[in-house]
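Residues in the sequence shown are numbered consecutively from 12, following the numbering used here.
To start, the structure under review is shown below, and the notes come after it.
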Amino acid sequence: MRPIVHHTCVECGAAFIDHADKTPPGWERAPQGLVCADCLTGEDRQSELPIEPSDDRHARTETAIALLSGSYLDLADPDCSVIHPIDVAAGLRQPCFCAQTRQFYTIAQHSMLVLRLISPIARHLGGEKGQQLRRCALMHDAAEAFLHDITRPLKIQLPDYRAIEARFELRLADHFGWSWTDFRRETVKRADLQALAIEQRDLVGSTDDWPILDSIDRTELRSIQITRCWQPDEAQERFLFAFEDLFPTEERMAA
Numbered sequence: 012m013r014p015i016v017h018h019t020c021v022e023c024g025a026a027f028i029d030h031a032d033k034t035p036p037g038w039e040r041a042p043q044g045l046v047c048a049d050c051l052t053g054e055d056r057q058s059e060l061p062i063e064p065s066d067d068r069h070a071r072t073e074t075a076i077a078l079l080s081g082s083y084l085d086l087a088d089p090d091c092s093v094i095h096p097i098d099v100a101a102g103l104r105q106p107c108f109c110a111q112t113r114q115f116y117t118i119a120q121h122s123m124l125v126l127r128l129i130s131p132i133a134r135h136l137g138g139e140k141g142q143q144l145r146r147c148a149l150m151h152d153a154a155e156a157f158l159h160d161i162t163r164p165l166k167i168q169l170p171d172y173r174a175i176e177a178r179f180e181l182r183l184a185d186h187f188g189w190s191w192t193d194f195r196r197e198t199v200k201r202a203d204l205q206a207l208a209i210e211q212r213d214l215v216g217s218t219d220d221w222p223i224l225d226s227i228d229r230t231e232l233r234s235i236q237i238t239r240c241w242q243p244d245e246a247q248e249r250f251l252f253a254f255e256d257l258f259p260t261e262e263r264m265a266a
């Protein structure tokens with residue numbers, strides 16, 4: 012009886028179970044070993060349609076993602092200088108709450124709601140302090156544009172993810188120009204919870220007791236309602252408009 016073995020493509024690692032003395036259908040033996048049909052087809056296409064090699068070192072790493080602006084971002088060691096505002100806005104078009112809402116509700120719209128909730132405090136502070144608070148509010152979930160919105164009940168079980176997210180948030184803040192203080196973090200966190208209470212009421216359609224909202228007085232939020240959920244493209248545009256207002260181009264270029 013002929014032995015059965017696993018054949019492995021030296022290019023992509025694909026496996027094929029067959030007899031040891033047979034080459035899998037469509038595969039070929041190259042000097043370096045067996046090459047599967049998919050890799051052979053890919054080589055043929057590359058010979059017909061030459062592709063310009065990328066000069067970006069991040070494009071050749073398994074930990075890099077392609078951004079809408081055309082750059083690559085290595086999530087293992089993020090260089091946030093490659094990130095453009097459009098990349099953030101595009102990433103925040105994704106849904107909150109794992110899309111478990113009555114309507115599609117984006118992180119971008121949530122961010123704008125938090126910005127609205129802290130606006131009275133920011134106006135009272137005025138000047139640079141007020142501006143920085145607004146920036147923190149708008150960008151408090153900016154890391155999720157690239158790391159995705161992991162639902163809170165899962166996130167608390169992923170300490171490694173939380174550490175990655177925290178590091179990424181700091182690098183984004185350094186790149187775009189906002190800074191956290193204890194007061195700003197506490198103020199934005201409270202507004203974030205207020206937004207969650209509004210979203211629970213208007214989008215989830217629930218009045219259940221959520222322990223995380225125990226400190227929130229819902230009666231203070233009756234006048235603030237989500238009457239319409241923005242479509243992803245509209246959410247992106249509104250977020251970009253707010254970003255350009257809070258982070259003037261000339262200021263970013265001087266940073």
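The C-beta atom is built at its ideal place from N, Cα and C for all residues, glycine as well.
All of these numbers come straight from a predicted model, not from anything done at the bench.
- Item | Proximity to Ile129 [Cα-Cα], best of Thr198, Met150, Ala246 | Of the listed residues, the one whose Cα sits closest to Ile129 is Thr198.
- Task: With DSSP as the reference, label Asp55 as helix, strand or coil.
- Result: Low local confidence applies: a pLDDT of 43 at Asp55 is under 50, so the model's placement there is unreliable, with the coordinate-based value given in what follows. Note: Asp55 maps to helix in three-state DSSP.
- Could you have a look at Ala77 and say whether DSSP puts it in helix, strand or coil? Correct three-state label for Ala77: strand.
- Measure how close the beta-carbons of Ala253 and Arg104 come, nearest whole angstrom, since I'm counting them as under 8 angstroms. Contact flag wrong, Cβ pair sits at about 14 angstroms.
- Message: Tell me which residue opens and which closes the beta strand (DSSP E) that Asp85 is part of.
- Response: Here the beta strand (DSSP E) through Asp85 covers 83-85.
- Quick one: is Ala174 buried, meaning 16 or more other Cβ sit within 10 Å of its Cβ, or exposed? exposed
- Pick from Ser122, Leu144, Glu231: whose alpha carbon is nearest that of Ile132? Leu144
- Where does Leu181 fall in DSSP's three states? helix
- Have a look at Ala101, Asp85, Tyr83, Ile161 and flag the residue whose alpha-carbon is nearest the alpha-carbon of Asp244. Ala101
- Query: From this set, Leu232, Ser217, Glu176, which residue's C-alpha is nearest Phe88's C-alpha?
  - Reply: The displayed chain sequence assigns Asp, not Phe, to residue 88. Of the listed residues, the one whose Cα sits closest to Asp88 is Glu176.
- Query: What is the residue span of the alpha helix (DSSP H) that Arg8 lies within?
  - Reply: The question about residue 8 has no answer here: the residues shown for the chain are numbered 12 through 266.
- Query: Once you ignore the five residues that flank Arg229 on each side, which residues in its own chain have a CB closer than 6 angstroms to its CB?
  - Reply: Ala208
- Query: Does the separation of the CB atoms of Leu183 and Cys91 fall below 9 angstroms?
  - Reply: yes
- Message: Within a Cβ cutoff of 8 angstroms, which residues of the same chain sit near Leu257, ignoring the five residues on either side of it in sequence?
- Response: Gln142, Arg145, Arg146, Leu149.
- Message: I'd like to check one pair, Tyr116 with Leu214: are the Cβ atoms closer than 9 angstroms?
- Response: yes
- Item | Selection from Arg195, Gln111, Met123 that minimises the alpha carbon distance to Ser217 | Cα-wise, what sits closest to Ser217 is Gln111.
- In terms of DSSP beta bridges, what is Ala41 paired with? Gly44
- Message: Counting C-beta neighbours from all protein chains within 10 Å, is the total for Leu78 16 or more, i.e. buried, or is it exposed?
- Response: buried
- Item | Enclosing alpha helix (DSSP H) for Arg163 [first to last residue] | Note, Arg163: alpha helix (DSSP H), 163-166.
- Item | Secondary structure of Pro89, DSSP reduced to three states | coil
- Item | Ile167 versus His159 - alpha carbon distance | 15 angstroms
- Consult DSSP for Pro243 and reduce its assignment to one of helix, strand or coil. helix
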